[in-house]
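Note sheet for the following structure.
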Amino acid sequence: MTTATASLAGCTDSYETLVESATSDEDDDTVTIGVLAPNPDSDFIGRSMAQAAQVAVEELNENGGINGHEVELSVRDTNASASEARRQYQQLILEDGAVATTGVFDSPALVNIMDDIAEQETIHLTTGAAAADATRLVNEQYDEYKYHFRVGVINEFDLGRAKIDFLDDMADEIGWESIAALAEDYQWSEGIWEATQDRLDDLDLDVVMEERYPPATDDFTDLYSEAAAAGADAVLITAAHTGNEAMLDWAYPNRPEQQPQPQPFAFGGTHVPMQLPSYYEQTDGACRYGFGQINATEQSTTGDLTQEFVSTYQDRFDGESPVYTGYGTYDAILVYAEAVEAAGTFDADDVVSELEFIQFSGASGPVEFYGPDHEFAHDLAYEASNPLYFQWQEDDDGTGVQEIIWPEEEATSEYQAPAWLQSPSP
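Residue numbers (the working numbering): -12 to 413.
Okay, structure coming up:
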């Protein structure tokens, strides 16, 4: 979604030990798919993109490749930088000869490579960045920008839409009567904020506080005191860069004292760090009861390939679970392969025509795209994507689990009120 400091600890293995990049002397029987990932050697989000791509390519090659061609993988590091993303994209195309690219977590990076995607006339399938500016270009200048599709998270406006739909379905059932809406004031969150503000008044909820707080915020004491004083039953947050501080100041505001005195409201929303499957362990359980939006977890069954992918990924990478960007990257490569097979060619224009009508159920769920005339052309379609909300809960063994709590048909557990907010048993 953005250049979030989403990992609390780096990964020690160099990615070169996991994926072999495409060779420069590929023959006619080999094609290269490129991946743009932020810091795949040290960041969980970038690492999962690269590893998921490896799983997809290995599966394709075990089944004859793409259209009879063996597939090689080239992973390049964007370094979470818009300018570096552009440089690495050009190398994927001009040096590695990629027939298609995927990845990109940072919204500024995606926007910065859109002109290159158009110039190279090479399909790119985004699997992390939520910027709607990219897909507006497809709508407004279709012939130039039609090569871009978004497979990963839904766009920023649809993320806001999902937040409202979650509240509309769940607030009354949970018992929330009032909420505080907070969002870090970064460009990536503008669409989420706008879409949320447009519809909050339609809900049967009191909105007792609305604030976009400064990007450098690392102490939420005053914001949370205001929310508590206003009587908020839940704080609905949009956070990536500030997500760790926001969560800890909710669950453990008096650290480093041994007995936390949590805030008197529920907490969650669009929270990038909380989406990491290792977050419970990283925070020593402080994120328990936090809730958030996601496309898939290792508990979910939203797509036909979800559980199969999770199992293969864990077996391949020593029990490690995929991050949400991994599900989308895996699907992007398989979706591209299916479109090429249907077109009978790697010609980008022909493949675009197939992608526009594709219906695919993968690891992240159903994949269908908005049409060329839609405001967000070639974005993952909201109605088909089946966005999920999860909550960090604890199983009988004391292990943190990302349980799906919405929508009802995908739920793996019911919402649990934080222990400090639960009514005492009679």
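Backbone N, C-alpha and C define an ideal beta-carbon position, used for all residues, glycine too.
Rounded distance between the beta-carbons of residue j and residue i, thought under 8 Å
| i | j | result |
| --- | --- | --- |
| Tyr369 | Trp393 | About 15 Å; that fails the 8 Å criterion. |
| Thr312 | Gly178 | With 8 Å as the limit, Thr312 and Gly178 do not qualify as a contact, their Cβ atoms being about 19 Å apart. |
| Ser287 | Glu397 | 6 Å |
| Pro415 | Thr208 | Here the chain has residues from -12 to 413 only, and residue 415 is not among them. |
| Asp366 | Thr122 | 5 Å |
| Val86 | Val18 | 5 Å |
| Gly90 | Val22 | 5 Å |
| Ala326 | Val338 | 5 Å |
| Leu146 | Gln294 | With 8 Å as the limit, Leu146 and Gln294 do not qualify as a contact, their Cβ atoms being about 25 Å apart. |
| Ala158 | Leu192 | 6 Å |
Contact set for residue i: own chain, Cβ-Cβ below 7 Å, skip 5 residues either direction
| i | result |
| --- | --- |
| Gly352 | Asn282, Ala283, Thr289, Gly290, Ser372 and Asn373 |
| Arg415 | Given a span of -12 to 413 for the chain in the structure shown, any question on residue 415 remains unanswerable. |
| Val194 | Ile166, Ala168 and Leu187 |
| Gln78 | Arg63 |
| Asp382 | Val388 |
| His56 | Asp16, Thr17 and Val18 |
Bridge partners - residue i, DSSP secondary structure assignment
| i | result |
| --- | --- |
| Met196 | Ala167 |
| Arg137 | Thr113 |
| Phe254 | Val222 |
| Gln378 | Phe278 and Glu390 |
| Ile20 | Leu60 and Ala87 |
| Pro353 | Ser348 |
| Ile53 | His56 |
| Leu367 | Phe356 |
Nonlocal neighbours in the same chain, by C-beta distance under 6 Å from residue i, ignoring five residues either side
| i | result |
| --- | --- |
| Ser176 | Ala170 and Thr225 |
| Glu143 | Ala117, Ala119, Gly178 and Ile179 |
| Glu198 | Leu169 |
| Phe304 | Gln38 |
| Ile104 | His111, Tyr134 and His135 |
| Asn50 | none |
| Leu292 | Gly349 and Ala350 |
| Ala96 | Thr65, Ala69 and Ala72 |
| Ser(-6) | For Ser(-6), the pLDDT reaches just 33, beneath the cut-off of 50, and the residue's location in the model is therefore unreliable, although a value from the coordinates is still provided. The residues are Asp30 and Phe31. |
| Gly416 | The displayed coordinates of the chain run from -12 to 413. Any statement about residue 416 would go beyond what the structure contains. |
Backbone CA spacing between residue i and residue j [nearest angstrom]
| i | j | result |
| --- | --- | --- |
| Gln346 | Val354 | 6 Å |
| Pro201 | Glu285 | 34 Å |
| Ala364 | Glu213 | 40 Å |
| Thr114 | Val222 | 28 Å |
| Glu401 | Asp336 | 46 Å |
| Leu190 | Asp152 | 9 Å |
| Asp206 | Asp102 | 39 Å |
| Ser348 | Tyr317 | 12 Å |
| Ala67 | Tyr76 | 13 Å |
| Tyr415 | Glu390 | The chain is shown from -12 up to 413; residue 415 falls before or after that span and cannot be answered. |
| Ile100 | Gly230 | 27 Å |
| Phe356 | Glu328 | 18 Å |
| Asp384 | Thr332 | 51 Å |
| Ala217 | Trp163 | 14 Å |
| Pro25 | Ile320 | 18 Å |
| Val58 | Gln41 | 10 Å |
| Ser298 | Gly306 | 9 Å |
| Pro27 | Pro264 | 16 Å |
| Glu232 | Ser35 | 24 Å |
| Glu94 | Ile53 | Correcting the residue type first, residue 94 is Ser in the shown sequence and not Glu. Computed Cα separation, rounded: 29 Å. |
| Phe301 | Pro309 | Note on identity: in this sequence residue 301 is Gln, with Phe being the wrong assignment. Each residue's Cα considered, the two are about 8 Å apart. |
| Ser61 | Ile20 | 6 Å |
| Asp185 | Glu82 | 46 Å |
| Gln128 | Gln107 | 15 Å |
| Asp220 | Gln403 | 14 Å |
| Ala406 | Asp155 | 24 Å |
| Lys150 | Ile161 | 15 Å |
| Arg137 | Arg275 | 31 Å |
| Phe296 | Thr399 | 18 Å |
Beta-carbon contacts of residue i that lie in its chain and below 8 Å, excluding the five residues immediately before and after
| i | result |
| --- | --- |
| Gly277 | Met234, Trp237, Ala238, Phe254, Gly255, His258, Met261, Gln378 and Trp379 |
| Ser340 | Ala330 |
| Leu408 | Pro251, Phe252 and Ala253 |
| Asn126 | Pro359, Asp360, His361, Glu362, Phe363 and Ala364 |
| Tyr173 | Thr(-11), Pro202, Ala227 and His228 |
| Asp12 | Confidence is the limiting factor: at Asp12 the pLDDT is only 38, short of 50, which leaves the residue's position unreliable, though a coordinate-based value still follows. Within the same chain, Asp12 has no close Cβ partners at all. |
| Asp334 | none |
| Thr109 | Ile80, Ala85, Val86, Ala87, Thr88, Tyr134 and Ala335 |
| Leu47 | Ile53, Val58, Ile320, Leu321 and Ala324 |
| Glu268 | Gly387 |
| Glu395 | Asp156 |
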